[in-house]
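Right, one structure below, let's go through it.
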Amino acid sequence: MEFPERFSNLPEYAFPRLRSLLGDTPAGGSPVFMSLGEPKHRFPDFVTEILTQNLAGFNSYPNNNGTADLLNSIAGWLQRRFQVDVDADSQILALNGTREGLFNAVIALSPEQKNGHKPKILMPNPFYQVYAVGAVAAGADPVFVDARPENNFLPDYHALPAETLEQTSVLFLCSPANPQGAIATPHYWADLIKLAEKYDIRIFADECYSEIYRDQAPTSALRVAADMGADPERVVIFHSLSKRSNLPGLRSGFAAGGPKTIAAMRRLRAYAGAPIPTALQAVSAAVWDDEAHVIENRNLYQEKYRMADEVFGAVQGYSSPEGGFFLWLPVENGEQAAMSLWKHSGIRVLPGAYLSRDTKAGNPGEKYIRVAMVAPFDETQQGLLTIRDCLY
């Protein structure tokens, strides 16, 4: 049986590649897994009680777009957090995690042609791998724009040729960035929105790390767009409870944007989406309404930022993250570093090249490893000290 040719050039996903790299090599110590960004801090205590109270919801089909309680809770959070007013009924779509939304949004919103050409989808390089697969599934060409230290690890979309931009239907940006932790400033967003307005490009703003930051709370692309008076259909934002609230298994997030945008995404989701179970929507509504656990969670990560700076501050090329929970550590070769750490200490990290693609300037992730600081403080500290002693 033959598979569609458009998927034949997709490289293997990052984590199967890592398993293949390490193979049967025994761990050089008790395994410490710092490769996967799976939050390990405690989720709010009230989650269990609310879930128990709503178990009867599993006896009925869930609302595909999101219950009124959930949509209103999300709208309230957007107003409190970003001072953005959105209509809960028409401008928000509940998602089974942001991965689903990011993937399906490209299919729902990218046209078959843009100015007589196969459309292009822009994304930072390195990037969340779903961006590229969504582009290919939509019949578009992914374009990888390097995010290197000289640009504060944010892609310079303005440097692309006008011909490329004229054929672009969608661009992705993650802020805080995965993996580097860079935060797009309001000025960066404003310039990007102006570029998108000029070339009629939709912006997909992946903001799922927005509540984990060091000093300055990241703004939302939707806030900047509103301040500019931009086309309300220009920007779509994506958020999740996975990182904000340590609930990756809940599979709950949302997209927010213009009414026409959300209507198009809803139409596709009616056929291709998996709605959040009603009981989990009740949990989600309560979690969006509570901020105390978010502050507590952020404080824990801020302690890890300070500790990481102490451990790696003397390492040449070390960049302290502004947000998120990853370290993007410079090494001579990411694959060799990952193998060495596993073989000699049992620490599992992800080679940076597995999150990026080769460009004319080379692979921007080749000389990096991504390290997830999701475990409790003591475990994270010991892991980082071992990485430093092994590699530097």
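Everything in the sequence shown is counted per UniProt numbering, starting at 1 for the first residue and increasing by one.
The beta-carbon is built from N, C-alpha and C at its ideal position, and this holds for glycine as well.
Sequence-distant residues of its chain with Cβ nearer than 7 angstroms to residue i (five each side left out)
{"i": "residue 270", "result": "64"}
{"i": "residue 248", "result": "38, 39, 242"}
{"i": "residue 42", "result": "246"}
{"i": "residue 138", "result": "106, 107, 110"}
{"i": "residue 50", "result": "282, 283, 286"}
{"i": "residue 334", "result": "351, 352, 353, 365, 366, 367, 368, 369"}
{"i": "residue 72", "result": "88"}
{"i": "residue 57", "result": "277, 278, 279, 282"}
Cut-off 6 angstroms between Cβ atoms - residues of its own chain near residue i, not counting five sequence neighbours on either side
{"i": "residue 381", "result": "307"}
{"i": "residue 215", "result": "none"}
{"i": "residue 156", "result": "none"}
{"i": "residue 321", "result": "181"}
{"i": "residue 168", "result": "120, 122, 201"}
{"i": "residue 262", "result": "91, 93"}
{"i": "residue 392", "result": "315"}
Residue nearest to residue i in terms of C-alpha spacing, selected from the options
{"i": "residue 317", "options": "261, 153, 296, 251", "result": "153"}
{"i": "residue 131", "options": "48, 13, 384", "result": "13"}
{"i": "residue 31", "options": "354, 357, 349", "result": "349"}
{"i": "residue 26", "options": "387, 339, 88", "result": "339"}
{"i": "residue 182", "options": "384, 323, 16, 351", "result": "323"}
{"i": "residue 90", "options": "83, 74, 96", "result": "74"}
{"i": "residue 372", "options": "304, 239, 392, 140", "result": "304"}
{"i": "residue 258", "options": "232, 375, 266", "result": "232"}
{"i": "residue 260", "options": "72, 56, 87", "result": "87"}
{"i": "residue 184", "options": "162, 199, 209", "result": "209"}
{"i": "residue 244", "options": "195, 325, 385, 134", "result": "325"}
{"i": "residue 264", "options": "161, 101, 355", "result": "101"}
{"i": "residue 36", "options": "195, 147, 199, 16", "result": "16"}
Euclidean distance between Cα positions of residue i and residue j
{"i": "residue 330", "j": "residue 164", "result": "31 angstroms"}
{"i": "residue 295", "j": "residue 128", "result": "26 angstroms"}
{"i": "residue 347", "j": "residue 118", "result": "43 angstroms"}
{"i": "residue 359", "j": "residue 365", "result": "11 angstroms"}
{"i": "residue 187", "j": "residue 54", "result": "44 angstroms"}
{"i": "residue 197", "j": "residue 341", "result": "46 angstroms"}
{"i": "residue 390", "j": "residue 344", "result": "8 angstroms"}
{"i": "residue 251", "j": "residue 99", "result": "9 angstroms"}
{"i": "residue 18", "j": "residue 230", "result": "42 angstroms"}
{"i": "residue 95", "j": "residue 80", "result": "21 angstroms"}
{"i": "residue 255", "j": "residue 387", "result": "37 angstroms"}
{"i": "residue 239", "j": "residue 310", "result": "31 angstroms"}
{"i": "residue 113", "j": "residue 290", "result": "43 angstroms"}
{"i": "residue 176", "j": "residue 275", "result": "27 angstroms"}
{"i": "residue 62", "j": "residue 277", "result": "5 angstroms"}
{"i": "residue 166", "j": "residue 159", "result": "13 angstroms"}
{"i": "residue 476", "j": "residue 336", "result": "The structure shown has nothing for residue 476, since the chain only spans 1 to 392."}
{"i": "residue 190", "j": "residue 218", "result": "14 angstroms"}
{"i": "residue 235", "j": "residue 28", "result": "47 angstroms"}
{"i": "residue 362", "j": "residue 151", "result": "16 angstroms"}
{"i": "residue 220", "j": "residue 23", "result": "41 angstroms"}
{"i": "residue 273", "j": "residue 134", "result": "14 angstroms"}
Contact under 8 angstroms by Cβ, residue i with residue j
{"i": "residue 123", "j": "residue 144", "result": "yes"}
{"i": "residue 77", "j": "residue 288", "result": "yes"}
{"i": "residue 126", "j": "residue 293", "result": "no"}
{"i": "residue 282", "j": "residue 69", "result": "yes"}
{"i": "residue 203", "j": "residue 193", "result": "yes"}
{"i": "residue 206", "j": "residue 173", "result": "yes"}
{"i": "residue 84", "j": "residue 222", "result": "yes"}
{"i": "residue 319", "j": "residue 179", "result": "no"}
{"i": "residue 97", "j": "residue 253", "result": "yes"}
The ligand ATP heavy atom lying under 7 angstroms from the CB of residue i
{"i": "residue 290", "result": "In the structure shown, the ligand ATP is absent, as is every other ligand, since no ligand is present at all."}
Spatial neighbours of residue i in its chain, beta-carbon cut-off 8 angstroms, leaving aside the 5 residues before and after
{"i": "residue 332", "result": "367"}
{"i": "residue 298", "result": "211, 212, 213"}
{"i": "residue 377", "result": "300, 303, 304, 307"}
{"i": "residue 383", "result": "32, 34, 347, 371, 375"}
{"i": "residue 267", "result": "108"}
{"i": "residue 140", "result": "106, 110, 118, 119, 120, 121, 169, 170"}
{"i": "residue 385", "result": "311"}
{"i": "residue 115", "result": "166, 167"}
For this session: List in chain order: all unbroken beta strand (DSSP E) runs of 3+ residues lying wholly within the stretch 319 to 347.
Result: As far as the stretch 319 to 347 is concerned, its whole beta strand (DSSP E) runs of at least 3 residues are 326 to 330.
For this session: Could you tell me which uninterrupted beta strand (DSSP E) segments, each at least 3 residues in length, are contained entirely in the stretch 217 to 246, listed from first to last along the chain?
Result: Taken in chain order, the complete beta strand (DSSP E) segments of 3 or more residues contained in the stretch 217 to 246 are 235 to 240.
Exercise. At what residue ranges does the stretch 29 to 107 contain a whole run of the alpha helix (DSSP H), taking only runs of 4 or more?
Worked result: The alpha helix (DSSP H) runs of length 4 or more contained entirely in the stretch 29 to 107 are, from start to end of the chain, 46 to 53, 68 to 82.
For this session: Give, in chain order, every unbroken run of the beta strand (DSSP E) that is at least 3 residues long and sits entirely within the stretch 141 to 181.
Result: 141 to 146, 168 to 174
For this session: Entirely within the stretch 355 to 379 and at least 4 residues each: give me those alpha helix (DSSP H) ranges in chain order.
Result: If we require 4 residues or more, the stretch 355 to 379 turns out to have no alpha helix (DSSP H) run fully inside it.
Problem set entry | alpha helix (DSSP H) segments (min. 4 residues) lying fully within the stretch 109 to 137 | 130 to 137
Exercise. In the stretch 245 to 276, which residue ranges form an unbroken alpha helix (DSSP H) of at least 4 residues, counting only runs that do not cross its ends?
Worked result: 259 to 272
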